[in-house]
Structure formats: C-alpha cells, structure tokens
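Peer 1:
Numbering (our numbering), first residue to last: 102 to 700.
1) Quick one: Cα of residue 93 to Cα of residue 344, how far?
2) Relative to the C-alpha of residue 421, which candidate in 232, 155, 678 has its C-alpha closest?
3) With distances taken between CB atoms, is the gap from residue 530 to residue 602 smaller than 8 Å?
4) How should residue 124 be labelled, buried or exposed, when 16 other C-beta atoms within 10 angstroms of its C-beta is the threshold for buried?
5) Span of the beta strand (DSSP E) holding residue 467?
6) State yes or no: is the beta carbon of residue 440 nearer than 8 Å to at least one beta carbon in chain D?
7) Kindly indicate which residue of 608, 598, 245 has the alpha-carbon position closest to the one of residue 725.
8) Below 7 Å CB to CB, which residues in the same chain sit around residue 447 once its five sequence neighbours on both sides are set aside?
9) So what's residue 296 in DSSP terms, helix, strand or just coil?
10) Using beta-carbon positions only, say whether residue 702 and residue 647 come within less than 8 Å of one another.
11) Quick one: measure Cβ to Cβ for residue 292 and residue 418, integer angstroms, because I've assumed they're closer than 8 Å.
12) Can you tell me whether residue 627 is buried or exposed, with buried defined as 16 or more other CB within 10 angstroms of its CB?
13) List the residues that DSSP assigns as beta-bridge partners of residue 373.
14) Given a cut-off of 8 Å on the beta-carbon distance, is the pair residue 301 and residue 341 in contact?
15) Strictly by DSSP, which residues pair up with residue 337?
16) Suppose the cutoff is 7 Å on Cβ atoms and the five residues either side in sequence are ignored; what does the same chain contact list for residue 688 look like?
17) If you check the beta carbons only, do residue 655 and residue 477 fall under 8 Å apart?
18) With a threshold of 8 Å, are at least 3 pairs of Cβ atoms found where one atom belongs to the stretch 244-262 and the other to the stretch 138-154?
19) Buried or exposed, going by whether 16 or more other CB atoms sit within 10 Å of the CB of residue 542?
20) Taking Cβ positions, are residue 580 and residue 473 nearer each other than 8 Å?
21) For residue 453, does the three-state DSSP call read helix, strand or coil?
22) From 453, 175, 550, 558, pick the residue whose C-alpha is nearest to that of residue 666; which is it?
23) Kindly list the residues whose CB is nearer than 7 Å to the CB of residue 520, restricted to its own chain and excluding five residues on each side of it in sequence; keep chain order.
24) Can you say whether residue 568 is buried or exposed, counting buried as having 16 or more other CB atoms within 10 angstroms of its CB?
25) For residue 251, which three-state DSSP category applies?
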C-alpha cells in the first residue's frame, strides 16, 4: 500500500477544517479560551518584571515595595490559577469538538452508498486514522492553545531579554532555531510512521477480535488454533513496535542533542549575567530578570516548537479525516423520480466485475422480472446470484450494460428512493446485538413503536412463537456481549436468526420488489416448508426475485432462470426446464434423488 503524500496544501486545508470544527463546537467557549490563554502567557512575564522591580528597590532602598509586593502576589496567583482554568476549558472544547467531528465522519460514511469504497484496504486504513483523529480533537485544541501561549510568552520574554542584551538574545534564538526545525521534521516522520504501521494495527485488531469474540470461539477451541492466531496477532504488534522504536530512537538522539545545546546556552548566559553584575553593569534585579527571560524564552520556544510540530503531526493525521469527510460518493445519485413498478425490471447485457484485476462475475446477463410475477434465480455457488442482487439494490453499478426499472436506468434515480421500494432478506444477513423487537424494526423504522406490525412480520416469518417464549418476549436482548437495561441476553440458533432476518424483510410492507436470497438455508425441512408457504402467500401478486440452492423451494415460481458462469443459460417454468433435460433438470433430479428411500 503506497504511503499517501500529504503536502502543505492538505495541511492548510486540514487546519482550516479543524478551525471551523472548533468554532462550531462552541464559539463563546473558544473565545474565552483564547483570552484566558493570553492572560496565562502574560502572567509569568509580569511576575518576572515585578520581581526585578522589587529586588531593585530592596537593594537600592529607593522606595516603598508594598504596592509591588501586592501586585507580585496577584501575578503569582494568576500564574497558579489560570493554567488550571485553561486546562478545564480546553478539555470541554476538545470533547465538544470530538463529538462534532465524530458525527461529521459517520455522516460522511453514510454518503458512501455503495460497497466498493469499503472494500478498499487503503480506505479502511485511512478511515481508522480518521476515527482516531476524532478522538484527538482535544490534542488539537491543546496545540492551538500551546501555539498561542508560546508565541505570546516568546514575544514578551524576548522583548525583556532584548532590553538587557541584544547579543545574548541573538545567541538564544540561534540555539532555538534547530530545535524548531527538528521538531517539524520529526512531526512529519511521525505521521509517516503512523500511516505505515496502520496496516499492522488493523490486522492485530482483526486477530484480537477473533480471539475475544463469540462468532469464532467454537471453531478456535475445537481446532486448537488459538495459539496460532495469538502468535500472528503478536507478530503484527511486534512489527508495529519495531517501527515505533526506530522513530523513538531517532527522537532520542535528535532531541537529546538539542537539549544539551539549550542547557549550554543557558549556562553561558548565566555566567555572563553574573560577571556583568559583579562588574556593576547589571543590577540584582537585572540578573533576576535575565535568568527569568532566558528560561522563559527557552521554555516558550520549546512550547512553541512542540506545539507547532505536534499540531502539524495532528493536522497531518486530521488530513485523513478531511479526505474521508470530503470524499465524493462512490455511486453518483440520479435525479429522476422512482416510479411505482408497473411494467417490470430488465437487466440488459449486464457485465460486472469487482475491479479491473478481478475476473468477470456477470457476462452479459439479459433477464426480465415482469411486474407482479415471481422469478427464481438458481445456479451453483459462485455463479453470480448474490452479485446480481447487489446490483438490483444498487450497491454497485454494472461495469457494462443497464438495469432498467420501468424503463428508467437505476443510475438515474436517487439511491434512497430506489431502496425504499425494495424489501430483501440476504444470504449473509446481520444479527444485531439488540432486542428481538429492534432486530425486526430495523427493516422499517416507521414500525419501531408499532408492536402489531412487528408481531405480524414475525408471525409470517414463523418467528413469533419463539420470540413470545423468550424471558421478556419481544423486549428480550438477543446478545450476551453487553447488557441492555437489566435483562439477561438470549442467543438464538442460526435458523431462528434467519427467521428474524426474514421478519425484518417482511415488516417492509407495500414495497414494489421483494428479494429473497436463500431465505431458508438454515432451516430444517419442516420449517422450510412452513416458511415458504407463508412467503408464497405474502408474495401473491407482488414482484419478487427468489434465490435458492434448493430447487424444490422455487419450483412454483412463474419463471426460473439458470445462471451459469455469469450468464443466463436457461429460462422457463419448472415443467419446461425439466422437459428440456439440461442443467436445471440434472440438478433437480440430483437433489430429488437425495430424498428417495435407499433400497
């Protein structure tokens, strides 16, 4: 995976986006933070000057010090109190900005209406970094505050130092410039390392999820592969650690050398100040001011360098967030209205492959699903049946050819309006760690509080009796991953989950197209017969596409299409296909023979 080039333009764009996001998270609080940060930066400078004036008056016995002492006490209180208040306000702004950023990120993900983007490993790496950037918004706020504080402190202490010794001011600045440049260079290298190790981090997370999750627990223990997967997980961790160790070593030598240089400059300056005071060219207050100014300049430069470099590193990371949020939709949306289906759906010379490097999955499919009829699609594994379903739902666009809805190309209609007219149960359906009622209601959120609709859908799917028998009926959590309220979770069997997925599809009432992709593959023969009888009654007069490996489940379809090697090779009724004696007849008889009594 190539490392992305994030140049100055993208960093500036990230900075602008971060500034807008911070302002949106609370303009009043952000303004207050900037003002308090300025006051916190000014307080040490005021303390240094007040200390100088007090010492000069005490040593020279030239006037009262009561007012200066009171001001010094007030400045000391400000030095102690303001950083605490600033830290609190920064934390509030950081959390608010993180919330706004997270919401914006997932809103942007919702604009990726297809699947192709999510199947890109580089996008997944960038997405993970973008998610981490949302959690680092408090650090960006800290960077803004540190940069402002460092700039103001540097200006104040440099002005003070300049009054005492222009030459020493130049020496201190000359020693600080390499530190600033080194911090900036290291920040870019840190961002590059973060991108390189993301592939290791994501794979480590994958293995950790296998080892800690329920879905793989049975096989891992039965096959005894836990140690093997743990070793792979630790290999990924060690690879990431090694890359970080090399970066840490580079920082150690670079920053260690610069720290020694800063200490040497401070020591030389202190020697000069003491000898100058002994010679009478500086007062005791001047020496105090000089020591405070040198320390203040070096501290301010260190804060500024660290804040700028850290801010740049965080902005380099935030650039991934900006790239995800501003990414164009993977499937452009059309503007034509989606008419209620009156004629039918036509696939016209449809070709499809997942990328230019992949083989063709569909090779010129021509198929019509007339309005009000049931068309069955059968074929061996890998023939392209589920891919065709995803094209009908416009999760992908055909590489070549067209899919027409009453003569309108699916590319020309809005995704949401198209999908609102489709109900589907997928072969790889989801099991949500939510209550039984919520699992069904996710099929149509308008039924969320309509218990009658949920019960009706569950009944048609043959799931009602099982759900009603659960400890809290439809309000029973179907998970043991975490608690929902005070209820103990229940885990369903595969067949029961399949019935629930079917209920989720059936709750979408009044849709123009029903897609049933292996709706009964996990059921026993009796349950399968019951479910198909219910589905058959429900789809009377509806346009439907049925997909099943079990040919007996689709024999009553109005038309049966056989998909083989990405092409429609047979099309007709069950009886006509049997009479033809080709692939469908061979598969049907092969399956039927399995149910014949063994002599």
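All C-beta atoms in this analysis are idealised placements derived from N, C-alpha and C, irrespective of residue type, glycine included.
Peer 2: On the basis of the supplied data:
1) One cannot answer for residue 93 here, as it falls past the ends of the chain, which runs 102 to 700.
2) Ranking 232, 155, 678 by Cα distance to residue 421 puts 232 first.
3) Cβ atoms of residue 530 and residue 602: closer than 8 Å.
4) It counts as exposed.
5) In the DSSP assignment, residue 467 falls within the beta strand (DSSP E) that extends over 463-471.
6) Protein chain content of the structure displayed is limited to a single chain, and chain D is not contained in it.
7) Nothing in the structure corresponds to residue 725, since the chain is present only between 102 and 700.
8) Closer than 7 Å at Cβ, skipping near neighbours: 469, 505.
9) Note: residue 296 maps to helix in three-state DSSP.
10) Outside the modelled stretch of the chain, which goes from 102 to 700, sits residue 702, for which no answer is possible.
11) Contact holds; Cβ gap of about 6 Å.
12) Around the beta carbon of residue 627, fewer than 16 other beta carbons sit within 10 angstroms, so the residue counts as exposed.
13) Paired residue(s): none; residue 373 is not in a bridge.
14) Yes, these two residues count as a Cβ contact at 8 Å.
15) None; residue 337 has no bridge partner.
16) If we look at residue 688 and ignore the five residues flanking it on each side, its Cβ neighbours are 652.
17) Yes; because the gap between Cβ atoms is below 8 Å, this pair is in contact.
18) Yes, since at least three Cβ pairs between the stretch 244-262 and the stretch 138-154 fall closer than 8 Å, the two stretches touch.
19) By the 10 Å Cβ count, residue 542 comes out buried.
20) The Cβ-Cβ distance between residue 580 and residue 473 does not fall below 8 Å.
21) Reduced to three states, the DSSP call for residue 453 is strand.
22) Per the Cα distances, 453.
23) Cβ within range, chain order: 494.
24) Result: buried.
25) Residue 251 sits in a helix when the DSSP states are folded into three classes.
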